[in-house]
Each structure stands twice: as C-alpha cells, then as structure tokens.
Amino acid sequence: MGKLFISEHPLIKSKMALLRDKNTSTKEFKELVNEITMLLTYEATRDLPLTAVKVETPMAVADCEKLAEDVVIVPILRAGIGMVDGMTTLLPNARIGHIGIYRDPESLVPVEYYSKVPSSIEESEVFVVDPMLATGGSAEAAITFLKEKGAKKITMICIVASPLGVKGIQDIHTDVDIYAAAYDTKVDENGYIVPGLGDAGDRIFGTK
Ligand code: PRP
Ligand code: URA
699 MGKLFISEHP LIKSKMALLR DKNTSTKEFK ELVNEITMLL TYEATRDLPL TAVKVETPMA
759 VADCEKLAED VVIVPILRAG IGMVDGMTTL LPNARIGHIG IYRDPESLVP VEYYSKVPSS
819 IEESEVFVVD PMLATGGSAE AAITFLKEKG AKKITMICIV ASPLGVKGIQ DIHTDVDIYA
879 AAYDTKVDEN GYIVPGLGDA GDRIFGTK
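Here it is in structure tokens:
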C-alpha cells in the first residue's frame, strides 16, 4: 500500500488556516497555495534517488550528489495549475504535463477533456498535483491515464485530502504515495470537502 503523508508542520498548519478562510483574497489564496505546495514538495521529494557528481569549488573537488532522475509534474486542470509554480521553484528542470478533467456536476464522474504529457515518462518520477482530493475520481482517472502512458513511479500531492479520496486512489493504485497538507473527514452530497476550502479552481482563478 502506498504511503499517506499528512503534514503536521506548524508552517503548513498556519498557512492552511489562512487558505481555508473564506475572506482570503484571490491574490493571497494563490500565494498560499504556492507556499504550501513548496513545503509539501520538500516532503514528497525526500526519497528521490541521487547520483554522485564531482564539483570543483574554488578550493578543491567536492563529492556532491544531484537528482538522478527526470521529474515530471502533471497538474490536473484546472486547479492543479495553481500548484505548478510552487513545485517548479524547487524543481526548475521538471517537465510539465497537463491533464484536463472536470467532474460532471450531477454524477461527479470525472470527464477527461485534454491531455498532453511529456514523452518517455517511463523512467521519470511523476508528481500528479491537484489541490482537492474529494471523491478521488479525478485523481484516480489521471493516474490511470498516466500509467497507460507508461508512468511507473507516481506520487500524488494535494492540499486537502479526504478519506474517501485517499481510498479511491489506494484501492486501485496501491503503489502511489499521497502527500497532503490537511485531511478532512467529510465529503458532502455535492462532492465538496467539508470544511475544506470551497472550490479550489474558483478561488485560484477568481471565477466566482
Ligand atoms: C476539482 C478539483 C479536483 C476535483 C476533485 O476540480 O480541482 O480536480 O474537483 O474532486 P474528486 O476527487 O471528487 O474528483 P473540478 O472538477 O471542480 O474542476 P476545475 O478544477 O476545472 O474547477
Ligand atoms: N473540488 C473542489 O474544488 N473543492 C472540493 O471541496 C471538492 C472538489
């Protein structure tokens, strides 16, 4: 079974309090998503493999290490886009794929409408990002799609996860680790996480 990591870090908890606040502006919301994503990226990349390199300092040759593998970030459109900057701040050489999925408002079934992922992702460390893991349908569909494209090492990073969403991934993708800033137990009849933070896409892009 993949790992479930819920952050207990005081910085993340404080930022989550601001992020959840309905009075937080779009500008501040985006900045907080960036910062929380950066902090989660630090945790989620802890086990990335390294390769030895020699670096010439002004004094001598130092034995150093650098990331051994290609990293691919795949935001689930649209809200996942809000997490890309936070990730690329720490992983500037990462390649970016996109998967467009929306939930049918009636059935909550995920509908895929766009995809473009980097070539040859078989050996890449793939990070799927989406702020909300509610029923898990969207993330599960995105991960299934990426595996069909050849991805073998996939990690999910979200801001708020629910038990239903975690189970939705873990029941099908037992090899996928999940990192989240918060874990809220309830998903309401409309598929929204409660207390959650509302509609992440609308709050990031100011569409409501
Ligand atoms: C939201 C969110 C996730 C999905 C989570 O997207 O960004 O992609 O819902 O719900 P699930 O776990 O039940 O699938 P939404 O469908 O609202 O689309 P949007 O990002 O375009 O607003
Ligand atoms: N999508 C959101 O944006 N928020 C939720 O709470 C659930 C799905």
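In terms of our numbering, the sequence shown is residues 699 to 906.
Each residue gets a CB set at the ideal place from its N, CA and C atoms; glycine is no exception.
All of these numbers come straight from a predicted model, not from anything done at the bench.
Query	Result
Where Gly798 falls: helix, strand or coil (DSSP)	strand
Quiz: which residues have CB nearer than 5 Å to ligand 2 non-hydrogen atoms	Met830, Ala832, Tyr890, Ile891, Gly894, Asp897, Ala898
Where the beta strand (DSSP E) through Met757 begins and ends	Here Met757 belongs to no beta strand (DSSP E), and DSSP marks it neither H nor E.
Enclosing alpha helix (DSSP H) for Met781 [first to last residue]	Met781 -> no alpha helix (DSSP H), and no H or E assigned at all.
Beta-carbon proximity check, Leu702 vs Ala859, cutoff 9 Å	yes
Coarse secondary structure for Arg744, derived from DSSP in three states	coil
Which residues DSSP lists as bridging Leu702, in chain order	Ile876
C-alpha distance - Gly834 paired with Leu748, whole-angstrom precision	31 Å
Bridge partner(s) assigned by DSSP for Val864	Its beta-bridge partners do not exist; DSSP assigns none.
Presumed contact (8 Å Cβ cut-off) between Ala760 and Val753, rounded CB distance	5 Å
Beta carbon of Ser893 nearer than 9 Å to that of Arg718	Here the sequence assigns Pro to residue 893, which means Ser is not the residue at that position. Going by C-beta atoms, Pro893 is nearer than 9 Å to Arg718.
Supposed close pair Arg901, Thr735 - CB separation, criterion 8 Å	Between Thr735 and Arg901 the Cβ distance is about 14 Å, and since that is not below 8 Å, they are no contact.
Exposed unless 16 or more other CB atoms sit within 10 angstroms - verdict on Ser822	buried
Distance cut-off 8 Å: Leu789 Cβ against heavy atoms of ligand 1	no
Identity of the residues DSSP links to Pro808 by a beta bridge	Arg801
First and last residue of the uninterrupted alpha helix (DSSP H) at Thr842	835-846
6 Å CB neighbourhood of Ser705 in its chain, flanking five on each side removed	Ala879
Backbone CA spacing between Pro808 and Glu820 [nearest angstrom]	25 Å
Simplified DSSP assignment, three categories, for Glu733	helix
Cβ distance (whole Å) where Thr739 is taken to contact Leu789 below 8 Å	7 Å
Alpha-carbon to alpha-carbon, Pro861 and Lys884	8 Å
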